[in-house]
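**Student:**
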Amino acid sequence: MIGIDDFIKRLDGLDFGGLYGEDFLLTWEKSADEISAVFTVADALRRLRENNLSARVFQSGLGISVFRDNSTRTRFSFTGACNLLGLAVQDLDEGKSQIAHGETLRETANMVSFMADVIGIRDDMYIGKGNAYMRALSQAVWEGNQEGILEQRPMVVNLQCDIDHPTQTMADMAHIIHHFGGVENLKGRKIAMTWAYSPSYGKPLSVPQGVIGLMTRFGMEVALAHPPGYGIMSSVEKVAEGNAARYGGTFSKSLSMAEAFADADIVYPKSWAPYAAMEKRTDLYGNRDLEGIEKLEKELLAQNGAHKDWECTEDLMKTTRDGKALYLHCLPADISGLSCKEGEVAAPVFERYRSLLYKQAGYKPYIIAAMIFLGKFKHPQRILARLAEKGECRLGWV
Amino acid sequence: MIGIDDFIKRLDGLDFGGLYGEDFLLTWEKSADEISAVFTVADALRRLRENNLSARVFQSGLGISVFRDNSTRTRFSFTGACNLLGLAVQDLDEGKSQIAHGETLRETANMVSFMADVIGIRDDMYIGKGNAYMRALSQAVWEGNQEGILEQRPMVVNLQCDIDHPTQTMADMAHIIHHFGGVENLKGRKIAMTWAYSPSYGKPLSVPQGVIGLMTRFGMEVALAHPPGYGIMSSVEKVAEGNAARYGGTFSKSLSMAEAFADADIVYPKSWAPYAAMEKRTDLYGNRDLEGIEKLEKELLAQNGAHKDWECTEDLMKTTRDGKALYLHCLPADISGLSCKEGEVAAPVFERYRSLLYKQAGYKPYIIAAMIFLGKFKHPQRILARLAEKGECRLGWV
Amino acid sequence: MIGIDDFIKRLDGLDFGGLYGEDFLLTWEKSADEISAVFTVADALRRLRENNLSARVFQSGLGISVFRDNSTRTRFSFTGACNLLGLAVQDLDEGKSQIAHGETLRETANMVSFMADVIGIRDDMYIGKGNAYMRALSQAVWEGNQEGILEQRPMVVNLQCDIDHPTQTMADMAHIIHHFGGVENLKGRKIAMTWAYSPSYGKPLSVPQGVIGLMTRFGMEVALAHPPGYGIMSSVEKVAEGNAARYGGTFSKSLSMAEAFADADIVYPKSWAPYAAMEKRTDLYGNRDLEGIEKLEKELLAQNGAHKDWECTEDLMKTTRDGKALYLHCLPADISGLSCKEGEVAAPVFERYRSLLYKQAGYKPYIIAAMIFLGKFKHPQRILARLAEKGECRLGWV
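Right, dumping it as structure tokens:
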């Protein structure tokens, strides 16, 4: 009645078995079919909820959240996703500065996981650390499960690391797919992932990296642009190049925002810190060189300041396809004259896209829920069919 | 069997459709029938729980709590109410000092609400801010829902603002109704809402304002008394006057605790800060005038100190109706010789009423749950009937 | 099918009615049958979960956690236990230093308990305070229930106090029972509960006290050993002596780690603070004598330093029964050369037992859940039978 069958049919045509029992750490570790399956299940879960049908598939179980950086929207997305499926969330507050060494991590991972089905981690502050931490923790609970310590193995979901931000970029992509009326309409479209000026420094690289690592899988022209010295992780650029070749799109780099915006169907202007500076910063923190950190921060701010012209203005938007590219941002944006004096985007541009931006963000809880769903259920089609068939209301009775 | 039918019948006789889909911000925005419906559903939910019947009406969903002031009892009441109905609570910790400007509030409101059914807010610190914040947030999620960002609109429940404290005063009123054996027995009874001395300053005005705004709707004689200079919001006094005229009671003001207590059936002696001083304080905080704040606080303490005779003593209690008025307090009270040297109430008076006071507080979780229930369900009678019929145990099986 | 009947049959043979409606504060307040019932229900709940069957017996209800000392593993164990049974956890954050006086405690206890089914408390910092606090709180909610303030009475579960640590030692004991293939195989076995060196001071006494208070009930030879001056609570030693006499085991004390380890089947080397010093420390805190506290801490560190030879080494392990005693620790351990320079245990010993140690910890959530289960259900056999019969999956459908 509400079309869950269509989603099930779509899943039947996909080979996504590799998601079952696995973590979700980097989008490029997943196959095209697996990525599609996540979008499909996210849509199906949303369809259920929008029709007031319960998607509660856990009668008990914990989702553990580990936020090694402040978070509001990701926290609520993770909580919302867990709650939708029936999991209660328990936060693990480790203290922000301490990066646990091997032994302690192994112990903590097991100690908190006796009743855990999923562990969502945000650890995006230090280059070379975040994703490594997730893998170390995952390894620990995998061993714990092998050794009979844990009767189940909690899956690890990357809620943002130093390399990728899969729940963000998958939500972004779901938004793009819906906006353009289907993944089949994306071939040949141009997306500009560009740096933008911000009065703050040290923003993570995970979004631009995640975007070029994911968006190159849909036959699109992915154009990365940033000022000189703002390069990102070269290994992820390699991923993007490989994807473009494999999936029939392109990946290009330039030092011009205008060039990237020209005739773009989608623009994603967003500030980030230079990769080299972030590496340096990680070392300085490692050595507790506070003086060095302060000096670096001043340099970074000065460096940013030289590129205030990297702003998403109305004039720039006019140069996009028919003057109406889809503007994306992971939020919160630095809005010129509103949240800061000079920032990433002109206020009128932001305001014009505000409603769409919030919709973009609205995909995240469903994407996270879908990742958990597919990580936990071998036969998700059956579960979806049962949920639709059972028809239990999420709220009240009809 | 357990009398849920009686509550349903009572609801059938009330016109409370205006509660559905709306926030609960001020009691005087609600009709008499709507207020009655909240009491009725609160009693019904309590009856279910006391008979070990589940009142779980949400299979998933979030209740968001925003406490911009410290809270233990309101936090537990909100959590208890949400939990009773099946909602999980996620706290939004904004930081206490920052009053979000328009744009950010709009964004935050939407970002946390994708899976939210209710948002409970306590923001009572600054005159002119708390209720305004709630309305701004409500407006933001209303727009979000209109624009298709939020598939549902979370209702906002006022857990205490600068103007009213509806969950407190409704709980107080439920206690009064039960104590006197029904709302029909309240006509002509006198309730004294009086200031009382406290060694601390700056207590919110929401309780006295909320009390005169609500209690004047039941045909009672509502007597407000405070020392000179301790006036409350005049707009709420106007509400009280209007209510008294409309519902056949009285609203009087005096500068004498003795006068208010004389022959009172109910007394509610409680400290608060002068409205004018609170306005001044809000401005000082707005200007970050720390010196001015310190000076004002000293003045307020000195001003309080001149009125130590405003204490609820045994002698004063003897002057009430038959010497046994019902003593109320929202807790915690400043108890002379117990929690402070000199305070709002003499220790023997407090001790004599302690058990009743705790019962008074016990209505709050059910009042909050009833507000949510009526805000979320168009046909609450049907839901209550189904809960009773289904007979699922809250705890175990019988 | 999955053997729940066996557990039910075992329960049928036990007289554990005394657990119903009661707190769980000290193991030695419980009968042998009651202790057995906890182990049995813990195993049954685990069996259900390991077979993907839901053990959700609460449709709503709160578990309140009160941690007056930092905690990660106990927090997750309590949350996991509550969640397994269907309770949501709400933390009561009182502030660490303030020990509430009678009146306030009575009020707080009632205010947070309107919807609470269980209150888990960790309060192990001050001699003479922790267990007393639990009893005072329990008394408050008992009175609240008697007076009709609380419709139900939340049970209090001791998550560690100054006297006992029942959820830890019961988990330890469950591990021992399973390791040795049944409680019937424990008679005559020797367990060494010994002090061990740690570079930190002031570790609680609840584990050694809890261990000698519980392990003396199974016919084992319980050998307590510590350096001169590291005595524990004499009242608990009396309990151990009484148990040994009653249950046909022994309880011995010595000042030699080697003596305790000799031919031991089980060893539990762990640091703790001298009882006398902890008493003194409590007084110093009471008097806010910061200088005195600092001085005491220095003395304690120096005193510890004189006993660095109290380390669980491979050589010492070789002196145990067949050189392969079961090594226990409540975790985290001070591991020499790993988490500290010199500590409680040599790294190779710890590493060899790491997997077993984690399994030991894994019993705790089930032990806590069993305590709640037996405290809340008069006929736990019926509930277990219904859970098995109903066969609702914890996760998905099969």
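Protein chains in written order, with the working numbering: chain A, 910 to 1307; chain B, 910 to 1307; chain C, 910 to 1307. Even glycine gets a Cβ: it sits at the ideal position worked out from N, Cα and C.
Among residues of its own chain, excluding the 5 on either side of A:L1209, which ones have a beta-carbon nearer than 7 Å to its beta-carbon?
**Tutor:** Closer than 7 Å at the Cβ level, and outside the excluded window around A:L1209, lie Y1110, G1111, A1182 and A1186.
**Student:** Can you tell which of A:M1129, A:E1223, A:I1028 and A:M1166 has the C-alpha that lies nearest to the C-alpha of A:K1285?
**Tutor:** It is A:I1028 whose Cα lies nearest to the Cα of A:K1285.
**Student:** Check whether the Cβ atoms of A:L1304 and B:V966 sit closer than 8 Å, and answer yes or no.
**Tutor:** Cβ distance < 8 Å, so A:L1304 and B:V966 count as in contact.
**Student:** Does any residue of chain A have a CB that is nearer than 8 Å to the CB of C:R1303?
**Tutor:** So yes, C:R1303 belongs to the interface.
**Student:** Report the three-state DSSP secondary structure of B:F976 (helix, strand or coil).
**Tutor:** Looking at B:F976 - three-state DSSP - the assignment turns out to be strand.
**Student:** Using beta-carbon positions only, say whether B:I911 and B:A1294 come within less than 8 Å of one another.
**Tutor:** In this structure, B:A1294 does not lie closer than 8 Å to B:I911 by Cβ.
**Student:** What residues in the stretch 1250–1273 of chain B have a beta carbon less than 7 Å from any beta carbon of chain C?
**Tutor:** Here the close residues are S1264, Y1267, K1268, A1270 and G1271.
**Student:** Measuring alpha carbon to alpha carbon, tell me which residue in C:W937, C:A946, C:L935 and C:D915 is nearest C:D924.
**Tutor:** That would be C:A946, whose Cα lies nearest to the Cα of C:D924.
**Student:** Measuring straight from C-alpha to C-alpha, what distance separates B:Q1290 and B:A953?
**Tutor:** Taking the straight line from one Cα to the other gives about 10 Å.
**Student:** Apart from the five residues on each side of it in sequence, which residues of its chain come closer than 7 Å, Cβ to Cβ, to B:N960?
**Tutor:** Cβ within range, chain order: I911.
**Student:** Decide if C:A1154 is buried, meaning its Cβ has at least 16 other Cβ atoms within 10 Å, or exposed.
**Tutor:** Classification of C:A1154: exposed, given that the 10 Å Cβ count is below 16.
**Student:** Mapping the DSSP letters down to three states, classify A:F1160 as helix, strand or coil.
**Tutor:** DSSP places A:F1160 in strand when its eight states are reduced to three.
**Student:** Please classify C:N1196 as buried or exposed, where buried requires at least 16 neighbouring CB atoms within 10 angstroms.
**Tutor:** Looking at its Cβ environment, which holds fewer than 16 other Cβ atoms inside 10 Å, C:N1196 is exposed.
**Student:** My guess is that A:S1173 and A:A1234 are in contact by the Cβ rule of under 8 Å, so how many angstroms apart are they, rounded?
**Tutor:** In the sequence as displayed, the identity of residue 1173 of chain A is Ala instead of Ser. Confirmed, about 5 Å.
**Student:** How far does the alpha helix (DSSP H) with C:D915 in it reach, from first residue to last?
**Tutor:** Start and end: I913 to D921.
**Student:** Compare the Cα-Cα distances from A:N1152 to each of A:L920, A:W937 and A:Y929 and report the closest residue.
**Tutor:** Out of A:L920, A:W937 and A:Y929, A:W937 has the C-alpha closest to the C-alpha of A:N1152.
**Student:** When the Cα atoms are used, what is the spatial distance from C:F1160 to C:L1123?
**Tutor:** Each residue's alpha carbon lies about 11 Å from the other.
**Student:** So is B:P1117 buried or exposed if we call it buried at 16+ other beta carbons inside 10 Å?
**Tutor:** That one is buried.
**Student:** Among the residues of its own chain, which have a CB less than 6 Å from the CB of B:C1239, if the five just before and after it don't count?
**Tutor:** Closer than 6 Å at Cβ, skipping near neighbours: Q1077 and V1116.
**Student:** Give the C-beta separation of A:C1221 and A:P1257 to the nearest angstrom, bearing in mind that I take them to be a contact with Cβ-Cβ under 8 Å.
**Tutor:** That belief does not hold up - the Cβ atoms of A:C1221 and A:P1257 are roughly 11 Å apart, past 8 Å.
**Student:** Measuring only the C-alpha atoms, how far is B:R977 from C:F985?
**Tutor:** Going by the C-alpha atoms only, they are around 28 Å apart.
**Student:** Is it right to say B:E1016 is buried, meaning 16 or more other beta carbons lie within 10 angstroms of its own, or is it exposed?
**Tutor:** By the neighbour-count rule (16 or more Cβ atoms within 10 Å), B:E1016 is buried.
**Student:** Have a look at B:K1299, B:D932 and B:P1274 and flag the residue whose alpha-carbon is nearest the alpha-carbon of B:F987.
**Tutor:** The residue with the shortest Cα to Cα distance from B:F987 is B:P1274.
**Student:** In whole angstroms, what is the alpha-carbon distance linking C:Y929 and B:A1167?
**Tutor:** If you take the alpha carbons of C:Y929 and B:A1167, they lie about 51 Å apart.
**Student:** Distance check for B:K1299 and C:Y1267, CA to CA, integer angstroms please.
**Tutor:** Cα-Cα distance, rounded: 43 Å.
**Student:** Quick check: is the beta carbon of A:G1157 nearer than 8 Å to any beta carbon in chain B?
**Tutor:** By this cut-off, A:G1157 is not an interface position.
**Student:** Counting only Cβ-Cβ distances shorter than 9 Å, please list the residues of the stretch 1014–1038 of chain B near chain A, keeping chain order.
**Tutor:** Answer in chain order: R1015, E1016, T1017, N1019, M1020, V1021, S1022, F1023, M1024, A1025 and D1026.
**Student:** For A:A1182, name the three-state secondary structure that DSSP assigns.
**Tutor:** Reduced to three states, the DSSP call for A:A1182 is coil.
**Student:** Considering just the uninterrupted stretch of the beta strand (DSSP E) at A:E1130, what are its terminal residues?
**Tutor:** First-last of the beta strand (DSSP E) with A:E1130: E1130 to A1134.
**Student:** 8 Å is my cut-off, CB to CB: does C:V989 come that close to chain A?
**Tutor:** First, the amino acid is wrong: residue 989 of chain C is Gly here, not Val. By this cut-off, C:G989 is an interface position.
**Student:** Quick one: is C:Q999 buried, meaning 16 or more other Cβ sit within 10 Å of its Cβ, or exposed?
**Tutor:** Flag for C:Q999 reads buried.
**Student:** Is A:Q1269 near A:H1074, with beta carbons less than 8 Å apart?
**Tutor:** No, these two residues do not count as a Cβ contact at 8 Å.
**Student:** Does B:G1284 come within less than 8 Å of chain A when only Cβ atoms are used?
**Tutor:** False, the Cβ-Cβ gap to chain A never drops below 8 Å.
**Student:** Please report the distance separating the alpha-carbon of A:L1095 from that of B:L1046.
**Tutor:** Between A:L1095 and B:L1046, the C-alpha separation is close to 36 Å.
**Student:** Could you tell me which chain A residues have their CB closer than 8 Å to the CB of C:P1241, listed as they occur along the chain?
**Tutor:** Neighbours of C:P1241 on chain A, chain order: T1013 and E1016.
**Student:** Grab me the residues of A:S1006's own chain with a C-beta within less than 8 Å of its C-beta, minus the 5 sequence neighbours each way, in chain order.
**Tutor:** Its pLDDT being 35, under 50, A:S1006 is placed unreliably in this model, and the coordinates cannot settle the point.
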